[in-house]
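According to the numbering used here, the sequence shown is numbered sequentially starting from 4.
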Amino acid sequence: MTETPHSNWWVVTDLDGTLMDHHYDWSAAMDVIRCLQRHGIPVIPCTSKTAEEVLRFRELADLHDPFIVENGGAIYGESATGELWHHDLGPSWRQLRPQLGDLERELGEPLQALDDLSESEADRLLGLSGEALRQAQCRQCSVPFVPPKTPESRHRLQVLAEMRHLGVVQGNRLGHLLGAGVSKGQALKTLKQRQGVPDVKVLALGDSPNDQPLLDAGDCAVVVPGPTGPHPELKNGVAEGRYQLAPAPHGEGWSAAVLRYIPGLQDNDTVLA
């Protein structure tokens, strides 16, 4: 069969704030997800979400492609018979969780873990409650927490974590404690090797600082803005031309970017033009 111009691409995407808005609505991206499925292009979530959360999203979106969870803490996929496999890429939640308390004492400021938030606190901060909150708290290889308020304290926390051979990344609303060297970009490299496609081209999409390793690992990198524009820490990459900027926030901008940057996709799916 003749290879189409877009058949050697993966769409590797953050979810919250990128494919989804901050109310977890991804309906604006649904048509383009279906378009990608028709053309056999994998849609690979690469997210701070847990495996349980992504499995629920994949069920709703009818996806069967691999995925990356907890900011690169683990990769998941399906075998030829549909069985789920996973590979951890860093220390476990049980190993990391006590370290957050040690860092809190060293920093001298509160670092409230996601699993310590009450339902009302989580609903106010994240818009999560009930089963959705339980799935978000079901961590295997990262510890999300409410970050310090000032840039100075966040920088000091980074230094303290590095001294413990750990890493801290910042999402839109939470910080995340990880093993040293764990990132979305490194997880993507590992997934490509595991799938036996080291040369596959990657359209990478993200919206916040924890997505930078993913964006840097992509062949084409797109920053999806929020309603007030791109995240301040990603603006330099856009200005320097390292990252493209989607034309609209969340699912609408995500869809436009996919249609623009996957070669031939829009021409072959004129219903979406």
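In this text, a Cβ means the ideal position worked out from N, Cα and C, and glycines have one as well.
Annotation for residue 142: 53, 73, 96, 117 and 118 place their beta carbon closer than 8 Å to its own, counting only its chain and skipping 5 residues before and after. In the structure shown, the three-state DSSP call for residue 195 is helix. Here DSSP, grouped into helix, strand and coil, assigns residue 83 to coil. In the three-state scheme derived from DSSP, where H, G and I count as helix and E and B as strand, residue 203 is classed as coil.
Judged by pairs of C-beta atoms under 8 Å, the segment 31-39 does not touch the segment 202-219, as fewer than three such pairs exist. If the five residues before and after residue 201 are omitted, its C-beta is found closer than 8 Å to the C-beta atoms of 195, all from its own chain and listed in chain order. Approximately 3 Å separates the beta-carbon atoms of residue 221 and residue 207; this is inside 8 Å, confirming the contact.
Comparing C-alpha distances from residue 19 to each of 32, 51 and 266 shows the shortest one belongs to 51. Assignment of residue 26 by DSSP, reduced to helix, strand and coil, places it in the coil class. In the three-state scheme derived from DSSP, where H, G and I count as helix and E and B as strand, residue 253 is classed as helix. Where residue 18 is concerned, there is no enclosing alpha helix (DSSP H), because DSSP gives it neither an H nor an E.
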